[in-house]
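**Student:** Using my numbering, the first residue of the first sequence is number 5, and each one after it goes up by one. Would you mind keeping the following structure in view while I ask a few things?
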Amino acid sequence: MHLVLVDGSSFIFRAYHALPPLTRKSDGLPVGAVSGFCNMLYKLTEDLKGEDEPTHFAVIFDYSGSSFRNELYDQYKAHRPEAPEDLVPQFPLTRSATRAFNLPSIEQEGFEADDIIATYACRMRDAGGKVTIVSSDKDLMQLVDDKVSMLDTIARPGQPPLRWIGPDEVVAKFGVTPDKVVEVQALCGDPVDNVPGIPGIGIKTAALLINEYGDLETLLARASEIKQNKRRESIIENAELARISRKLVQLDCNTPVELDLDALVRQPLEAKLLIPFLKAMEFTSITRRIAGLLEVDPDDFEADAELAAKGASIPGAIDVSEGPAPASGLSGPDAHAEAVLEKIRAIPCKHDDYEIVRDAAALAVWIEDIVATGHVAIDTETTGLDNQAADLVGICLATRPGKACYIPLGHTTGNDDMFGGGKAEGQMDMRQALDMLRPVLQDPAILKIGQNVKYDMGILARYAITMAPIDDTLLMSYALDGARNNGMDALADKYLSHTCIKFTDLAGTGKNQLTFDKIEIEAAARYAAEDADVTLRLWTILKPRLVAAGVTTVYETLDRPLTPVLARMEARGVSVDRQILSRLSGEFAQRAAALEATAYELAGEKFNLGSPKQLGDILFGKMGLEGGTKTKTGAWATGASVLDDLALQGVPLAKTLLDWRGVSKLKSTYTDALPGYINARTGRVHTSYNQASVATGRLSSNEPNLQNIPIRTEDGRKIRTAFVAAPGNVLISADYSQIELRVLAHIADIDALKDAFEEGQDIHAMTASEMFNVPIEGMDPMVRRRAKAINFGIIYGISAFGLANQLGISRGEAGDYIKTYFARFPGIQDYMAEQRRIVKAQGYVSTIFGRKIPFDNVNTKNPSERAFIERASINAPIQGSAADIIRRAMIRMERVLSDENVPADMLLQVHDELIFESPADKADQAIPLIKRVMEGAAEPALRLSVPLQVDAKAAQNWEEAH
DNA sequence: TGGTTCACG
DNA sequence: GACGTACGTGAACCAG
Numbered sequence: 005m006h007l008v009l010v011d012g013s014s015f016i017f018r019a020y021h022a023l024p025p026l027t028r029k030s031d032g033l034p035v036g037a038v039s040g041f042c043n044m045l046y047k048l049t050e051d052l053k054g055e056d057e058p059t060h061f062a063v064i065f066d067y068s069g070s071s072f073r074n075e076l077y078d079q080y081k082a083h084r085p086e087a088p089e090d091l092v093p094q095f096p097l098t099r100s101a102t103r104a105f106n107l108p109s110i111e112q113e114g115f116e117a118d119d120i121i122a123t124y125a126c127r128m129r130d131a132g133g134k135v136t137i138v139s140s141d142k143d144l145m146q147l148v149d150d151k152v153s154m155l156d157t158i159a160r161p162g163q164p165p166l167r168w169i170g171p172d173e174v175v176a177k178f179g180v181t182p183d184k185v186v187e188v189q190a191l192c193g194d195p196v197d198n199v200p201g202i203p204g205i206g207i208k209t210a211a212l213l214i215n216e217y218g219d220l221e222t223l224l225a226r227a228s229e230i231k232q233n234k235r236r237e238s239i240i241e242n243a244e245l246a247r248i249s250r251k252l253v254q255l256d257c258n259t260p261v262e263l264d265l266d267a268l269v270r271q272p273l274e275a276k277l278l279i280p281f282l283k284a285m286e287f288t289s290i291t292r293r294i295a296g297l298l299e300v301d302p303d304d305f306e307a308d309a310e311l312a313a314k315g316a317s318i319p320g321a322i323d324v325s326e327g328p329a330p331a332s333g334l335s336g337p338d339a340h341a342e343a344v345l346e347k348i349r350a351i352p353c354k355h356d357d358y359e360i361v362r363d364a365a366a367l368a369v370w371i372e373d374i375v376a377t378g379h380v381a382i383d384t385e386t387t388g389l390d391n392q393a394a395d396l397v398g399i400c401l402a403t404r405p406g407k408a409c410y411i412p413l414g415h416t417t418g419n420d421d422m423f424g425g426g427k428a429e430g431q432m433d434m435r436q437a438l439d440m441l442r443p444v445l446q447d448p449a450i451l452k453i454g455q456n457v458k459y460d461m462g463i464l465a466r467y468a469i470t471m472a473p474i475d476d477t478l479l480m481s482y483a484l485d486g487a488r489n490n491g492m493d494a495l496a497d498k499y500l501s502h503t504c505i506k507f508t509d510l511a512g513t514g515k516n517q518l519t520f521d522k523i524e525i526e527a528a529a530r531y532a533a534e535d536a537d538v539t540l541r542l543w544t545i546l547k548p549r550l551v552a553a554g555v556t557t558v559y560e561t562l563d564r565p566l567t568p569v570l571a572r573m574e575a576r577g578v579s580v581d582r583q584i585l586s587r588l589s590g591e592f593a594q595r596a597a598a599l600e601a602t603a604y605e606l607a608g609e610k611f612n613l614g615s616p617k618q619l620g621d622i623l624f625g626k627m628g629l630e631g632g633t634k635t636k637t638g639a640w641a642t643g644a645s646v647l648d649d650l651a652l653q654g655v656p657l658a659k660t661l662l663d664w665r666g667v668s669k670l671k672s673t674y675t676d677a678l679p680g681y682i683n684a685r686t687g688r689v690h691t692s693y694n695q696a697s698v699a700t701g702r703l704s705s706n707e708p709n710l711q712n713i714p715i716r717t718e719d720g721r722k723i724r725t726a727f728v729a730a731p732g733n734v735l736i737s738a739d740y741s742q743i744e745l746r747v748l749a750h751i752a753d754i755d756a757l758k759d760a761f762e763e764g765q766d767i768h769a770m771t772a773s774e775m776f777n778v779p780i781e782g783m784d785p786m787v788r789r790r791a792k793a794i795n796f797g798i799i800y801g802i803s804a805f806g807l808a809n810q811l812g813i814s815r816g817e818a819g820d821y822i823k824t825y826f827a828r829f830p831g832i833q834d835y836m837a838e839q840r841r842i843v844k845a846q847g848y849v850s851t852i853f854g855r856k857i858p859f860d861n862v863n864t865k866n867p868s869e870r871a872f873i874e875r876a877s878i879n880a881p882i883q884g885s886a887a888d889i890i891r892r893a894m895i896r897m898e899r900v901l902s903d904e905n906v907p908a909d910m911l912l913q914v915h916d917e918l919i920f921e922s923p924a925d926k927a928d929q930a931i932p933l934i935k936r937v938m939e940g941a942a943e944p945a946l947r948l949s950v951p952l953q954v955d956a957k958a959a960q961n962w963e964e965a966h
């Protein structure tokens with residue numbers, strides 16, 4: 005006799021996670037997990053054929069709800085996340101699948117699958133038979149002996165698809181024989197099931213102890229003999245926890261099962277049960293395969309009518325039911341997932357098959373294809389990286405994997421004559437080509453797919469093409485994986501195992517790098533068309549993944565619709581007054597020169613003031629000053645805080661250096677550099693926003709960075725006066741007041757903070773008043789300052805060290821402040837603990853709108869890295885939720901302004917601030933609208949439990965408007 | 001190219 | 001008891 009017990013629940017979850025979100029073609033019902041489940045079950049029966057074929061067979065499921073273990077320990081499996089939305093409807097379907105395979109589907113209220121498995125395994129063993137448990141769950145390893153083995157069917161790269169687990173494998177895993185596994189687990193616990201164990205004891209130590217003492221009770225009785233202080237105390241202190249843990253992991257062989265062993269006798273597959281089920285699920289390839297196996301014609305069977313009834317639709321999922329049969333050697337779900345990828349990978353990137361479109365007739369064929377397909381991947385090639393300055397050189401298109409073309413439009417001949425050469429042969433007239441493409445690119449029924457499509461939108465907008473609607477593989481990857489390397493080359497490698505032609509292979513590097521128009525058309529075509537081809541392939545893979553990962557809403561509401569908004573902001577640019585900057589440069593140059601002379605005199609020698617190394621040598625070497633600290637590379641630290649200290653101690657050189665750094669920073673980074681960014685065509689400065697580079701969901705700005713224009717010092721603010729409105733217009737600056745603290749009050753649900761915001765109180769004064777028991781009226785500004793630093797610290801994941809540094813107090817004192825704060829606002833501490841737990845459990849934290857912020861290495865043993873991840877995961881939901889809110893405001897803003905006929909243009913975003921330009925006489929109308937949109941930006945998706953407040957003002961320049 | 005510093009939220 | 005710290009960016013400059 006041979007009994008096979010399948011751990012059904014683990015089959016389902018594995019199938020679900022290994023597969024893209026397949027849906028039933030007719031109505032979109034999610035069936036990916038069901039499909040994988042069927043494949044795995046079928047594959048298993050095939051694998052077990054031969055001698056010793058199973059005589060008894062059952063699939064065991066967990067019954068949702070609690071078991072006796074929850075009464076023992078209320079935290080048992082308490083942190084398990086809810087099953088994904090699109091998996092829930094598949095649970096009952098897998099039960100149906102099991103019955104369709106003519107196998108008993110067993111589950112029982114109040115009992116876990118593991119106990120039922122244990123019970124049947126014991127009974128069969130006692131009856132003298134053999135048992136195979138199909139699962140990789142280590143909790144079942146305690147059952148293994150010479151009669152009972154486990155079978156892990158998951159295919160891992162480089163390992164055989166089947167892995168038998170016998171006593172030897174258990175010893176390898178736990179360091180003890182199977183009968184001692186529960187003793188080890190009692191000590192080391194199990195984070196997956198939230199079994200506590202003894203803190204500080206892992207699997208290695210546990211095995212060591214059990215091998216020495218035999219079992220848990222003996223160990224506890226003789227715990228005082230343990231030499232290691234910490235270990236001994238932890239064991240003595242947590243003895244009860246270990247006893248509970250042992251009860252939690254010990255499987256129960258006496259579950260009152262409803263069916264006895266005889267009921268598990270294996271029944272043959274029956275076509276009349278199985279085929280109607282598979283047909284109802286619309287699994288065509290499995291149906292075909294099984295019909296072949298059973299030697300029946302699937303057309304003789306009707307789909308199960310009840311199961312064929314309508315299900316939920318998930319848009320965007322791709323259908324592979326007509327795909328090729330899974331490659332042999334892989335288990336079900338892997339094979340199926342591979343099938344999708346293979347369909348795409350198998351079509352080669354044959355560079356010589358890409359078409360070069362040189363005339364209208366050829367282009368017309370492509371346009372027809374695009375219209376028929378309904379979508380097209382597009383990539384523009386230009387003379388540079390700045391899409392407000394570069395010129396169009398060519399366009400590539402792809403309509404399906406492997407089918408791509410390049411339309412050369414602006415290639416020039418040679419670069420040896422001083423006029424840059426004439427137009428190269430064999431190209432369409434640019435204007436004619438764009439006129440032909442415009443209707444397609446603007447057609448609301450045709451989706452345009454790009455990688456960083458904002459760039460291409462910016463280019464095409466200058467040729468009077470407003471590209472819409474769009475999808476962006478860069479943003480999809482960002483929604484899925486966060487601010488990782490989301491560049492096309494990396495994505496091609498990751499998802500397609502494909503290495504793209506590098507731009508530098510084509511154009512060279514350094515100052516001799518060719519611009520794209522100088523590259524020979526045939527070579528350009530191979531490179532460019534590949535980009536469109538790869539983009540299209542990535543899209544087919546990434547789009548369904550959004551659903552599976554639960555980030556569709558984030559992508560669709562926060563990422564995708566922002567792109568056209570940003571493209572327009574970038575195109576508008578902002579007016580910058582050259583004269584003002586030039587005057588300031590002169591002023592700063594003079595002051596820097598004077599400070600430089602003073603510094604040489606004080607130092608007694610000339611040196612490079614900009615070199616931290618030389619400065620460190622002078623201060624701490626030559627001048628022999630005490631109290632210098634080293635940076636991690638061993639160099640003297642000469643940062644502002646160090647120089648501040650020295651200045652306070654009466655070192656005049658330190659003060660001089662600080663002043664010099666101040667003016668030279670302003671000069672080099674701003675007043676000297678900004679004029680170089682004024683676009684010759686528009687006369688304005690066009691920053692570029694990176695929408696997918698910040699981990700938390702913020703934007704970043706570059707070339708130039710207009711999100712770090714000075715404001716904190718008087719000199720710095722002068723630079724803002726150079727950002728001006730066009731003649732007849734004004735700039736309007738609208739910024740959220742304390743948005744991150746408000747978000748914190750909402751997320752952490754802190755009544756005192758929420759009330760204070762509701763009543764419009766000074767939040768830092770309120771905090772100070774609560775903490776230090778002083779009235780808000782007539783408060784000492786220093787007291788308020790401390791509270792303010794703490795409020796900021798909280799947002800950053802406070803540490804005593806950081807707060808002490810910020811306030812210039814001792815670490816002990818800072819620690820006391822934090823204690824007081826936590827005592828006064830206990831909800832904050834709960835919030836922080838929760839984020840720390842979440843990041844460890846799932847590898848990411850989330851904003852209130854569902855954006856996921858992933859972290860690498862969440863289980864690192866490095867204490868500082870760990871602390872860093874904890875602080876960042878406390879900060880990320882706060883910073884990220886605020887970022888989501890302003891994104892929503894930006895997405896909605898243009899529509900509201902145009903509906904109300906208010907001509908105000910959004911120009912810039914600085915994290916919690918939006919800058920607009922409007923005719924001077926329209927500002928009074930614009931301001932209340934802008935405030936309304938920004939203050940209501942969370943709704944209707946979310947009703948914040950604190951009000952948002954926006955302050956807005958209009959003026960001639962940014963300094964006055966802010 | 002990596003390290004340091006400093007501008008912003 | 002170590003570990004080295006406030007969160008998130010981009011740009012300029014130095015030094016190798």
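Don't be surprised by glycine CBs; every beta carbon is placed ideally from N, CA and C.
Measure the alpha-carbon distance for asparagine 106 versus proline 93 and round it to whole angstroms.
**Tutor:** 21 Å
**Student:** Is glutamine 839 helix, strand or coil by DSSP?
**Tutor:** helix
**Student:** Compare the C-alpha of leucine 26 against each of Ala225, Arg841, Met285 and Glu600 and name the closest.
**Tutor:** Met285
**Student:** Classify asparagine 879 as buried or exposed, calling it buried when 16 or more other Cβ atoms lie within 10 Å of its own Cβ.
**Tutor:** Asparagine 879 is buried by the Cβ-count criterion.
**Student:** On the DSSP bridge assignment, give the partners of glutamine 913 in chain order.
**Tutor:** As a beta-bridge residue in DSSP terms, glutamine 913 pairs with Leu918.
**Student:** Exposed or buried, alanine 321, counting other C-beta atoms within 10 Å across all chains shown (16 or more means buried)?
**Tutor:** Note that alanine 321 scores a pLDDT of 34, beneath 50, so its modelled location is shaky and nothing firm can be said.
**Student:** Where DSSP assigns a beta bridge to threonine 386, which residues make up the other side?
**Tutor:** Leu396
**Student:** Could you tell me if serine 228 is buried or exposed, where buried requires 16 or more neighbouring beta carbons within 10 angstroms of its beta carbon?
**Tutor:** exposed
**Student:** Strictly by DSSP, which residues pair up with tryptophan 968?
**Tutor:** With the chain represented from 5 up to 966, any question about residue 968 goes unanswered, as that position is not in the structure.
**Student:** Is it buried or exposed, alanine 381, if we count other Cβ atoms within 10 angstroms and call 16 or more buried?
**Tutor:** buried
**Student:** Name, in chain order, the residues that DSSP records as bridge partners for histidine 379.
**Tutor:** Leu451
**Student:** Going by DSSP, what residues sit across from glutamate 359 in a beta bridge?
**Tutor:** Cys409
**Student:** Apart from the five residues on each side of it in sequence, which residues of its chain come closer than 7 Å, Cβ to Cβ, to glutamate 963?
**Tutor:** Arg721, Arg724 and Thr725
**Student:** Looking at the structure shown, is isoleucine 878 part of a helix, part of a strand, or coil, going by DSSP?
**Tutor:** helix
**Student:** Spatial neighbours of arginine 688 within its chain, please: CB distance less than 8 Å, with the 5 preceding and 5 following residues excluded, ordered by chain position.
**Tutor:** Only Arg576, Gly577, Val578, Ser579, Val580 and Ile682 meet the Cβ criterion.
**Student:** Assuming leucine 445 and glutamine 431 make a contact with CB atoms under 8 Å, what is their CB distance in whole Å?
**Tutor:** Their Cβ separation, rounded to whole angstroms, is 19 Å, which puts leucine 445 and glutamine 431 out of contact at 8 Å.
**Student:** Are cysteine 409 and leucine 396 closer than 9 Å when you measure CB to CB?
**Tutor:** no
**Student:** Identify, in the order they occur along the chain, each residue of the same chain with its Cβ nearer than 6 Å to the Cβ of methionine 471, setting aside the five sequence neighbours on each side.
**Tutor:** Leu445, Lys452, Met461 and Leu464
**Student:** With a floor of 4 residues, list each alpha helix (DSSP H) that falls wholly inside the stretch 756-825, ordered by position along the chain.
**Tutor:** 767-776, 785-799 and 804-811
**Student:** Mind checking which residues open and close the beta strand (DSSP E) that includes proline 858?
**Tutor:** 856-858
**Student:** Alpha carbon to alpha carbon, how far is isoleucine 751 from aspartate 363?
**Tutor:** Whole-angstrom Cα-Cα distance: 59 Å.
**Student:** By the three-class DSSP mapping on this structure, what secondary structure does aspartate 373 have?
**Tutor:** DSSP places aspartate 373 in helix when its eight states are reduced to three.
**Student:** DSSP three-state label for arginine 250, please.
**Tutor:** Helix.
**Student:** What runs of the beta strand (DSSP E), each 3 residues or longer, lie entirely inside the stretch 442-527?
**Tutor:** As far as the stretch 442-527 is concerned, its whole beta strand (DSSP E) runs of at least 3 residues are 451-454 and 474-476.
**Student:** Specify the secondary structure class of serine 645 as computed by DSSP and reduced to three states.
**Tutor:** helix
**Student:** Quick check: what's the CA-CA separation for leucine 484 versus tyrosine 358?
**Tutor:** 30 Å
**Student:** Would lysine 522 and histidine 690 qualify as a contact pair, given that the criterion is a beta-carbon distance under 9 Å?
**Tutor:** no
**Student:** How is the alpha helix (DSSP H) around lysine 208 delimited, first residue to last?
**Tutor:** Where lysine 208 is concerned, the enclosing alpha helix (DSSP H) stretches over 207-217.
**Student:** From the DSSP output, in three-state form, read off proline 568 for me.
**Tutor:** Helix.
**Student:** Is it true that the CB of arginine 167 sits closer than 9 Å to the CB of threonine 181?
**Tutor:** no
**Student:** Could you spell out where the beta strand (DSSP E) holding aspartate 11 opens and where it closes?
**Tutor:** 6-11
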